[in-house]
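Numbering (my numbering), first residue to last: -5 to 257. Notes to accompany the following structure.
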Ligand SMILES: C[S@@+](CC[C@H](N)C(=O)[O-])C[C@H]1O[C@@H](n2cnc3c(N)ncnc32)[C@H](O)[C@@H]1O
């Protein structure tokens, strides 16, 4: 029987009030940021977690998951283990994680620190990592802004990926878009000189905004000699949101900028 076909005779056991949803899994709002007055790039939502996602969260979170509590600075070499110095790329907003898992499989010598607030996606990505024997993914739960601000050492990242961030199309919501000058100010010092910042979007006005703010920022330079969008790199798989955008006839733009040595 599929998980969605649960009958009234097999009800989900109810959880006493105040009990954590996943005792060994991600914490709800680990940094307490719901009480900050800061504008966030995501909408807190409570989504249904399937049985297999819940199982992955319970079993694999202690091994491969971390809460963004804003209370400690991460040692990325330690986080990815093995004693070696794996290059580490941060992916912000992995959604259900299919593209993340694909990129991890394609490049096992790079660690991917994948962050999202979406609990079903966290379970899904952990399950994908286990089923595909991927040991180079760590799943971070919480707001990427707090991760960058409080928990990542200077010049610790070899790359940053932001694929199909929420477009926030209404004018009154534009301030929620993640790619803004303030965000770039925060991200730039955590990137090693020469590291790539790779963004993609299917929302034309957001693509224009990304190009404007990235071009204007002194810590980044466009990899494209003409100063425009990049051809879609072969290493970026189709993402779930991208597929939905393409079905609607949207045009996808990739932006590939390099962290400069100055600033
Ligand atoms: C539109 S979805 C795209 C998901 C995926 N990259 C794709 O292309 O299918 C954007 C994701 O970013 C996440 N997100 C937005 N702002 C975030 C933040 N500040 N920290 C962590 N995740 C964030 C959302 O929860 C959502 O899952």
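C-beta atoms are modelled at their ideal positions from N, C-alpha and C, and glycine is treated no differently.
### Message
Only counting the same chain, and skipping five residues up and downstream in sequence, which positions put a Cβ closer than 6 Å to that of residue 70?
### Response
Working through the chain shown from its first residue, we reach residue 70 at position 76. Taken in chain order, the residues that qualify are 82 and 150.
### Query
So, is residue 258 buried or exposed, given that buried needs 16 or more other C-beta atoms within 10 angstroms?
The first residue shown for the chain is -5 and the last is 257, placing residue 258 beyond what the model contains.
### Task
Please go through the stretch 142 to 193 and give each complete beta strand (DSSP E) segment of 3 or more residues, from N-terminal end onward.
151 to 157
### Message
Considering Cα atoms alone, identify which of 144, 116, 148 and 177 is closest to residue 134.
### Response
Reading the chain shown from its first residue, position 140 is the one you call residue 134. Comparing Cα-Cα distances from residue 134 to each of 144, 116, 148 and 177, the minimum goes to 116.
### Query
Out of curiosity, what's the CA-to-CA distance linking residue 172 and residue 156?
Within the chain shown, residue 172 is the residue found at index 178, counting from 1. Within the chain shown, residue 156 is the residue found at index 162, counting from 1. Their Cα atoms are separated by approximately 9 Å.
### Message
Considering only DSSP beta bridges, list what residue 74 is partnered with.
### Response
By 1-based counting over the chain shown, the position of residue 74 is 80. Per DSSP, none; premise fails for residue 74.
### Message
If contacts are defined as beta-carbon pairs under 8 Å, then residue 104 and residue 80 qualify, I think. What distance do you get, rounded to the angstrom?
### Response
Translated into the one-based positions of the chain shown, residue 104 becomes position 110. Translated into the one-based positions of the chain shown, residue 80 becomes position 86. Rounded, the Cβ-Cβ distance is 7 Å, consistent with contact.
### Query
For residue 202, does the count of other Cβ atoms within 10 angstroms reach 16, so buried, or fall short, so exposed?
Indexing the chain shown from 1 puts residue 202 at position 208. Looking at its Cβ environment, which holds fewer than 16 other Cβ atoms inside 10 Å, residue 202 is exposed.
### Message
For a test of your reading of the model: does the CB of residue 235 fall under 7 Å from any non-hydrogen atom of ligand 1? Yes or no.
### Response
Locating residue 235 in the chain shown gives position 241, counting from the first residue. Yes.
### Message
Helix, strand or coil, according to DSSP, for residue 237 in the structure here?
### Response
By one-based count along the chain shown, residue 237 stands at place 243. Looking at residue 237 - three-state DSSP - the assignment turns out to be helix.
### Task
Could you tell me if the beta carbon of residue 67 falls within a distance shorter than 7 Å of some heavy atom in ligand 1?
Locating residue 67 in the chain shown gives position 73, where the first residue counts as 1. No, the beta carbon of residue 67 sits no closer than 7 Å to any heavy atom of ligand 1.
### Query
Going by the CB atoms, is the gap between residue 137 and residue 34 shorter than 8 Å?
Locating residue 34 in the chain shown gives position 40, where the first residue counts as 1. Locating residue 137 in the chain shown gives position 143, where the first residue counts as 1. Cβ atoms of residue 34 and residue 137: closer than 8 Å.
### Task
Using beta-carbon positions only, say whether residue 128 and residue 95 come within less than 8 Å of one another.
Start at 1 with the first residue of the chain shown, and residue 128 comes out as number 134. Start at 1 with the first residue of the chain shown, and residue 95 comes out as number 101. The answer is yes: Cβ separation under 8 Å.
### Query
Can you find at least 3 beta carbon pairs, one from the stretch 173 to 185 and one from the stretch 208 to 216, that sit closer than 8 Å?
Counting Cβ pairs under 8 Å, three or more are found: they touch.
### Task
Measure the Cβ-Cβ separation of residue 91 and residue 130 and say whether it is below 8 Å.
For this step, residue 91 is matched to residue 97 along the chain shown. For this step, residue 130 is matched to residue 136 along the chain shown. Not a contact, by the Cβ cut-off of 8 Å.
### Task
Specify the secondary structure class of residue 201 as computed by DSSP and reduced to three states.
One-based indexing of the chain shown puts residue 201 at position 207. In this structure, residue 201 counts as helix in the three-state DSSP scheme.
#### Entry: Nonlocal neighbours in the same chain, by C-beta distance under 8 Å from residue 14, ignoring five residues either side
The count along the chain shown starts at 1 and reaches residue 14 at position 20. 21 and 22.
### Message
Taking the beta carbon of residue 237 as the centre, do at least 16 other beta carbons fall within 10 Å, making it buried, or is it exposed?
### Response
Here residue 237 refers to the residue found at position 243 when the chain shown is read from its first residue. Residue 237 should be labelled exposed.
### Message
For a test of your reading of the model: does the CB of residue 46 fall under 7 Å from any non-hydrogen atom of ligand 1? Yes or no.
### Response
Within the chain shown, numbered from 1, the residue matching residue 46 stands at position 52. The answer is no for residue 46.
### Task
Reducing DSSP to helix, strand and coil, say where residue 82 ends up.
The residue given as residue 82 occupies position 88 in the chain shown. Correct three-state label for residue 82: strand.
### Status (buried if at least 16 other CB within 10 Å, exposed otherwise) for residue 221
Position 227 of the chain shown, counted from the first residue, corresponds to residue 221. Exposure of residue 221 is indicated by the presence of fewer than 16 other C-beta atoms within 10 angstroms of its C-beta.
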